[in-house]
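Trainee:
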Amino acid sequence: MVPPVLTSAQQLLSRYDVLLCDVWGVLHDGHAAYAGANDTLTRFRASGGTVILVSNAPMPSDVVATVCDEKGVVRSAWDAIVSSGDIALEHIKQSNYRSVYGIGPRPRDNAFFDRLPGTAVALDKADAIACTGLVNDRTETPQDYRATLM
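Read in order, the letters of the sequence shown correspond to residues 1 to 150 in my numbering.
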């Protein structure tokens, strides 16, 4: 069976009460909001739907909201944001880790690293490792970290 081709998200959204919507590549292209994204989500909310933005960005949700603002995604298009940064920070907090070794690009991910509880420490003193990505994802590979982490 060939799935139907939808000409509008409205055909699909009318079936649901809650929409979990990714951000990068769905609402914006890294530079600007996609045409129709704001209108579609705002209309979904106006019809009683709830829009939760989800992001695998390693940043807290308030930073994701600021990025959305900068890209032209209007706040009236969504109800809440959940990010992998939020989830990681909450897990670290609930686990009572007091010393964390951070791996990731700075200053890009400072919003995450600055909110880690406790103190940043050397790897051999850490209760946990928080990795937001490679320090330089244009030149490094995970293999570059083998000696550090082994």
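Just so you know, even glycine gets a beta-carbon here, dropped at the ideal spot from N, CA and C.
So the candidates are Phe44, Arg43, Ala57; which of them puts its Cα closest to the Cα of proline 105?
Mentor: Proline 105 has its Cα closest to that of Ala57, out of Phe44, Arg43, Ala57.
Trainee: Among residues of its own chain, excluding the 5 on either side of isoleucine 52, which ones have a beta-carbon nearer than 8 Å to its beta-carbon?
Mentor: Only Val18, Leu19, Leu20, Cys21, Trp78, Asp79, Ala80, Ile81, Val82 meet the Cβ criterion.
Trainee: For tyrosine 16, which option in Gly48, Gly85, Ala122 has the closest C-alpha, if you only look at C-alpha atoms?
Mentor: Nearest C-alpha to tyrosine 16: Gly48.
Trainee: Just confirm the distance between the C-beta atoms of leucine 27 and cysteine 68, as a whole number of angstroms; I'd bet it's less than 8 Å.
Mentor: That pair is a contact at about 7 Å.
Trainee: Where does the unbroken alpha helix (DSSP H) through threonine 50 begin, and where does it stop?
Mentor: It is not in any alpha helix (DSSP H) - threonine 50 instead sits in the beta strand (DSSP E) that spans 50 to 55.
Trainee: Any idea which residues DSSP pairs threonine 119 with across the strands?
Mentor: Bridge partners of threonine 119: Ser99.
Trainee: Pop quiz: alanine 126 and leucine 116 are said to be a contact at Cβ under 8 Å. What is the actual Cβ separation, rounded to whole angstroms?
Mentor: 11 Å between Cβ atoms; not a contact.
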